[in-house]
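Enquirer:
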Amino acid sequence: MAELHFFTGTMDSGKSTLALQTNHNHAARGRVGRIFTSHDRAGEAVLSSRLGLTHDALEVPIDFDFWQYVVSTLTAGGRIDYLICDEAQFYTTAQIDQLAKVVDELQIDVFAFGILTDFRSMLFPGSARLVELADRMNVLQVEALCWCGKRATHNARTENGVMVVEGEVVVVGDVETVDEPPAEVAYEVLCRQHHRRRLTAARAKAVSLAPEPLPFG
-1 MAELHFFTGT
9 MDSGKSTLAL
19 QTNHNHAARG
29 RVGRIFTSHD
39 RAGEAVLSSR
49 LGLTHDALEV
59 PIDFDFWQYV
69 VSTLTAGGRI
79 DYLICDEAQF
89 YTTAQIDQLA
99 KVVDELQIDV
109 FAFGILTDFR
119 SMLFPGSARL
129 VELADRMNVL
139 QVEALCWCGK
149 RATHNARTEN
159 GVMVVEGEVV
169 VVGDVETVDE
179 PPAEVAYEVL
189 CRQHHRRRLT
199 AARAKAVSLA
209 PEPLPFG
């Protein structure tokens, strides 16, 4: 039976690498798939991993219809055994519903990859719908780390090196590299404590790391 799989983790946890590996494993067994992505850091219609691997993909705009695409392809004599859907957090809830319909009605496996929450620590609508509908939800075991060494659970956005918690939800950027000049828009993975305190690696070098005073007095 086909299933809707959702693989999730913070930025820098290897989701796109796993998406490429999943496609390779299925293609090596003679299965025919399609790869989709949205707002990849490498540009339009490309699935890329931070290890340097890339693959051509189909870009998913806001009005894309997965059900119509798959049915049209099959009707025209094409073959589709599975779908690889990277950056699924950017898909609309309607598109996630379409993917579920592809699984249920056409018995085509769907492997979706995406992060759960945005830079404000709020669920992306696409990811929230995947949590509600997925047959299997898998949290990636490759743990991204906060600068303090703890497991990173939150995605922070920085603008010119300063962490922000307001703004457009979808702004493309990459995970900032240590010891490089701050990018205009970049992302950093943090543990909950340091995300709450807005304490990025750069800011941690300039302020005391003493815990916040207890609310007594």
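When the letters of the sequence shown are read in order and numbered with this note's numbering, they come out as residues -1 to 215. Cβ atoms here follow ideal geometry from the backbone N, Cα and C, with glycine treated the same way. None of the values given here were measured: they were computed from a predicted structure.
1) Can you say whether S14 is buried or exposed, counting buried as having 16 or more other CB atoms within 10 angstroms of its CB?
2) Contact between the segment 82 to 95 and the segment 46 to 64: three or more CB pairs below 8 Å?
3) Pull up the distance between the alpha-carbon of L45 and that of A110, whole angstroms please.
4) On the criterion of 16 or more Cβ atoms from any shown chain inside 10 Å, does L81 qualify as buried, or is it exposed?
5) Which residues in the same chain have their Cβ closer than 6 Å to the Cβ of R118, if we skip the five residues on either side of it in sequence?
6) Within 10 angstroms of the Cβ of N23, are there 16 or more other Cβ atoms? Answer buried if so, exposed if not.
7) Is the beta carbon of V160 less than 8 Å from the beta carbon of M9?
8) What first and last residue would you give for the beta strand (DSSP E) that runs through Y80?
9) Rounded to the nearest angstrom, what separates T43 and T52 at their Cα positions?
10) So L183 packs on R201, CB below 8 Å; how close in whole Å?
Expert: Considering the structure as presented:
1) buried
2) yes
3) 13 Å
4) buried
5) V163
6) exposed
7) no
8) 80 to 83
9) Residue identity check: residue 43 is Ala in the sequence provided, not Thr. The straight-line gap from Cα to Cα measures roughly 10 Å.
10) The amino acid at residue 183 is misidentified as Leu; the sequence shows Val. Actually they do not touch by this definition, with Cβ atoms about 17 Å apart.
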